[in-house]
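S.K.: If you read the sequences in order, they're chains P and Z.
Start counting the first sequence at 6; every next residue gets the next number (this note's numbering).
Start counting the second sequence at 6; every next residue gets the next number (this note's numbering).
A virtual CB, placed ideally from N, CA and C, is assigned to each residue, including glycine.
Protein chains: 2
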Amino acid sequence: MIRLTSEPILLDDLVRAAGDPASGALVLFVGTTRDHNQGRQVERLEYEAYPGMAEREMEKIGEEARRRWPLQKVAIVHRTGVVPVGEASVAIAVSSAHRADAFEAARFAIDRLKEVVPIWKKEFFEGGEVWIGDQCCGVGAWSDAAHAHGANHEHAERVSASGGSAAGRDGAGDAHPGAGQGARVAGGGVGPPSAIAPGPAKRD
Amino acid sequence: MIRLTSEPILLDDLVRAAGDPASGALVLFVGTTRDHNQGRQVERLEYEAYPGMAEREMEKIGEEARRRWPLQKVAIVHRTGVVPVGEASVAIAVSSAHRADAFEAARFAIDRLKEVVPIWKKEFFEGGEVWIGDQCCGVGAWSDAAHAHGANHEHAERVSASGGSAAGRDGAGDAHPGAGQGARVAGGGVGPPSAIAPGPAKRD
Numbered sequence: 006m007i008r009l010t011s012e013p014i015l016l017d018d019l020v021r022a023a024g025d026p027a028s029g030a031l032v033l034f035v036g037t038t039r040d041h042n043q044g045r046q047v048e049r050l051e052y053e054a055y056p057g058m059a060e061r062e063m064e065k066i067g068e069e070a071r072r073r074w075p076l077q078k079v080a081i082v083h084r085t086g087v088v089p090v091g092e093a094s095v096a097i098a099v100s101s102a103h104r105a106d107a108f109e110a111a112r113f114a115i116d117r118l119k120e121v122v123p124i125w126k127k128e129f130f131e132g133g134e135v136w137i138g139d140q141c142c143g144v145g146a147w148s149d150a151a152h153a154h155g156a157n158h159e160h161a162e163r164v165s166a167s168g169g170s171a172a173g174r175d176g177a178g179d180a181h182p183g184a185g186q187g188a189r190v191a192g193g194g195v196g197p198p199s200a201i202a203p204g205p206a207k208r209d
Numbered sequence: 006m007i008r009l010t011s012e013p014i015l016l017d018d019l020v021r022a023a024g025d026p027a028s029g030a031l032v033l034f035v036g037t038t039r040d041h042n043q044g045r046q047v048e049r050l051e052y053e054a055y056p057g058m059a060e061r062e063m064e065k066i067g068e069e070a071r072r073r074w075p076l077q078k079v080a081i082v083h084r085t086g087v088v089p090v091g092e093a094s095v096a097i098a099v100s101s102a103h104r105a106d107a108f109e110a111a112r113f114a115i116d117r118l119k120e121v122v123p124i125w126k127k128e129f130f131e132g133g134e135v136w137i138g139d140q141c142c143g144v145g146a147w148s149d150a151a152h153a154h155g156a157n158h159e160h161a162e163r164v165s166a167s168g169g170s171a172a173g174r175d176g177a178g179d180a181h182p183g184a185g186q187g188a189r190v191a192g193g194g195v196g197p198p199s200a201i202a203p204g205p206a207k208r209d
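Encoded structure:
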């Protein structure tokens, strides 16, 4: 089971999909909307995916995980649209005979997904909103892809807010702040996206 | 939520117990009964715990995890009694703001649980049965504890079977075979448990 959904993610479905009588371990990772980020009170997140391509990349992650670890099953579901605080935006379930493999493969899958799958996140917080792109650096190919499907957002972080505060790159369930800074604050109104080095070239 | 249960583990309950609006990541580990082990066709597992002490040790693991990582919540449930193939014997859910912490703490918790919590596993396979003790080495204190509550089984592996094959230490969801061998085969009938160096002293 590897797919996008605009509905709430049913964790039971993932666990069932990844379950296997030959496995002794199952690791489920769930990324949820956190109520705070960089000192901002987060109200909700909104995810936009490049459909088709996003699912293909997720499939590739599942295949790579199965090549690298002796796994039984891999299930990956990513939600699109609005995800309220506390709800799941992404869930990955991996089963294996032995637990070390399931842990490592699940960690690999979510790290890789955040790096390469063309899904963008908009954070709505008290007083503004900001696009957060985990794929900002090194996956410039998605620049054209996003443009082609009509999205008008940036692969790095951009704050559009009255009184928007300084913002770093740090989304729900992300690695620790400082692990990969690529943010830029554009306070005082909504302007066109601006590219951040070393991200993709500027678009408008 | 940290407890033993003789009922099937409801993963939803664990996820709900570990959920927190301040968390962006939740990692759920589930240890399930695997249909094979050491070349044997496993029919079911049966767990026996030293009650009270098992829960106290599980509580201590939760506390230690919270000291070592910035976590929101930790939930640990271990099932006792018969656990059929494919069903969960243990589940651990950990939530944190950032995913690295949840992964590391969940891994720590299951590794530690297998090491120190006085819960013993009996494997029923085609043609026999065997006690498997993950706490076999270095936790000799449980020797007396098990004795006190009337259990008559060993902390290392012991096969009682007609035609029981050679067996190593390797339970459902355990580390890879060879990570900690401490098994001994006592084929040809049910005898008293025999201690395995460097495990606890012989009991009878």
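Show which residues of chain P have a CB atom less than 9 Å away from the CB atom of Z:Gly86.
M.R.: Result: empty, since nearest Cβ-Cβ is about 18 Å, beyond 9 Å.
S.K.: On the DSSP bridge list, what partners appear for P:Phe34?
M.R.: P:Ile97, Z:Val32.
S.K.: Return no unless some Cβ of chain P is closer than 8 Å to the Cβ of Z:His41.
M.R.: Interface residue, yes.
S.K.: Taking 8 Å as the cut-off, does the region 103-121 of chain Z touch the region 6-18 of chain Z (at least 3 CB pairs, one atom from each stretch)?
M.R.: The region 6-18 of chain Z vs the region 103-121 of chain Z: no contact.
S.K.: Mind listing the chain P neighbours of Z:Ile115? Cutoff is C-beta to C-beta under 8 Å, in chain order.
M.R.: The contacting residues are Arg104.
S.K.: Measure the Cβ-Cβ separation of Z:Arg49 and Z:Val88 and say whether it is below 8 Å.
M.R.: Contact: yes.
S.K.: Please report the distance separating the alpha-carbon of Z:Ala150 from that of P:Trp136.
M.R.: Residue placement at Z:Ala150 is poorly supported in this model, since its pLDDT is 47, which falls under 50; the coordinates are not used for a value here.
S.K.: Taking only three categories from DSSP, how would you classify P:Arg213?
M.R.: What is shown of chain P runs 6 to 209, which leaves residue 213 of chain P out entirely.
S.K.: Going straight from the alpha carbon of P:Ala30 to that of P:Ala110, what length do you get?
M.R.: So the two alpha carbons sit approximately 12 Å from each other.
S.K.: Given that Z:Arg112 touches chain P, what residues does it touch there, using C-beta distances under 7 Å?
M.R.: What Z:Arg112 touches in chain P: Phe108.
S.K.: Taking one C-beta from the region 56-75 of chain P and one from the region 62-70 of chain Z each time, how about it: are there three or more such pairs within less than 8 Å?
M.R.: With the cut-off at 8 Å, the region 56-75 of chain P and the region 62-70 of chain Z do not touch.
S.K.: Using a beta-carbon distance below 8 Å, is Z:Pro13 in contact with chain P?
M.R.: Output row for Z:Pro13: interface = no.
S.K.: Using a C-beta to C-beta distance shorter than 7 Å, which residues of chain P count as neighbours of Z:Leu31?
M.R.: Residues of chain P passing the Cβ test: Val35, Thr37.
S.K.: Check whether chain Z comes within 8 Å of P:Asp18, counting only Cβ atoms and requiring the distance to be less than that.
M.R.: Not an interface residue.
S.K.: Buried or exposed: which applies to P:Gly168, given that a residue is buried once 16 or more other Cβ atoms fall within 10 Å of its Cβ?
M.R.: With a pLDDT of 39 at P:Gly168, under the threshold of 50, the modelled position of this residue cannot be trusted; read the value that follows with caution. P:Gly168 should be labelled exposed.
S.K.: Measuring alpha carbon to alpha carbon, tell me which residue in P:Val20, P:Gly91, P:Glu92 is nearest P:Leu33.
M.R.: Ranking P:Val20, P:Gly91, P:Glu92 by Cα distance to P:Leu33 puts P:Val20 first.
S.K.: With distance defined between alpha-carbon atoms, name the residue in Z:Val35, Z:Gly24, Z:Ala23 nearest to Z:Val95.
M.R.: Among Z:Val35, Z:Gly24, Z:Ala23, the Cα nearest to that of Z:Val95 is on Z:Val35.
S.K.: How big is the Cα-Cα spacing for Z:Gly185 and Z:Leu76?
M.R.: The predicted position of Z:Gly185 is uncertain, since its pLDDT is 36 and thus under 50; a value taken from the coordinates is nonetheless stated next. Cα-Cα distance, rounded: 30 Å.
S.K.: Terminal residues of the continuous alpha helix (DSSP H) containing Z:Gly67?
M.R.: Element bounds for Z:Gly67: 58-73.
S.K.: For the candidate residues Z:Ala22, Z:Asp17, Z:His41, whose alpha-carbon lies nearest to that of Z:Glu128?
M.R.: Out of Z:Ala22, Z:Asp17, Z:His41, Z:His41 has the C-alpha closest to the C-alpha of Z:Glu128.
S.K.: In three-state terms, what does DSSP make of Z:Glu53?
M.R.: If DSSP states are grouped into helix, strand and coil, Z:Glu53 belongs with the strands.
S.K.: Give the straight-line distance between the Cα atoms of P:Thr38 and P:Val90, rounded to the nearest whole angstrom.
M.R.: Approximately 5 Å between the Cα atoms of the pair.
S.K.: Under a CB-based cut-off of 8 Å, is Z:Gly91 close to chain P?
M.R.: Answer yes: the Cβ-Cβ gap between Z:Gly91 and chain P drops below 8 Å somewhere.
S.K.: How many angstroms separate the CA atom of Z:Met58 from the CA atom of Z:Glu51?
M.R.: Going from the Cα of Z:Met58 to the Cα of Z:Glu51 covers about 19 Å.
S.K.: Can you tell me which of the three DSSP states Z:Ile115 falls into?
M.R.: DSSP places Z:Ile115 in helix when its eight states are reduced to three.
S.K.: Work out the CA separation of P:Val99 and P:Ala22 for me, nearest whole Å.
M.R.: Each residue's Cα considered, the two are about 9 Å apart.
S.K.: Please confirm if P:Gly44 has its CB atom under 8 Å from at least one CB of chain Z.
M.R.: No, P:Gly44 does not count as interfacial toward chain Z.
S.K.: Should Z:Gly24 be labelled buried (16 or more other beta-carbon atoms within 10 Å of its own) or exposed?
M.R.: Buried, because 16 or more other Cβ atoms sit within 10 Å of the Cβ of Z:Gly24.
S.K.: Classify Z:Glu53 as buried or exposed, calling it buried when 16 or more other Cβ atoms lie within 10 Å of its own Cβ.
M.R.: It counts as buried.
S.K.: In the DSSP assignment, find the alpha helix (DSSP H) that holds P:Ala23 and state where it starts and stops.
M.R.: Run containing P:Ala23: 16-23, per the alpha helix (DSSP H) assignment.
S.K.: Quick one: what's P:Glu128 bridged to in DSSP?
M.R.: Paired residues: P:Leu50, P:Val135.
S.K.: Throw me the rounded Cβ distance for the Z:Met6 and Z:Ala80 pair, which I believe falls under 8 Å.
M.R.: Rounded, the Cβ-Cβ distance is 4 Å, consistent with contact.
S.K.: Take Z:Arg117 and list the residues in its own chain whose beta-carbon comes closer than 6 Å to its own, dropping the five residues that flank it on each side.
M.R.: Here the set comprises Ile66.
S.K.: Chain P partners of Z:Gly24, CB-CB under 8 Å?
M.R.: Chain P residues near Z:Gly24: Thr37, Gly91.
S.K.: So, is the C-beta of P:Met6 closer than 8 Å to a C-beta in chain Z?
M.R.: No, no contact with chain Z.
S.K.: Measure the beta-carbon distance from P:Phe130 to P:Arg45 and round it to whole angstroms, keeping in mind my assumption that it falls under 8 Å.
M.R.: Contact holds; Cβ gap of about 4 Å.
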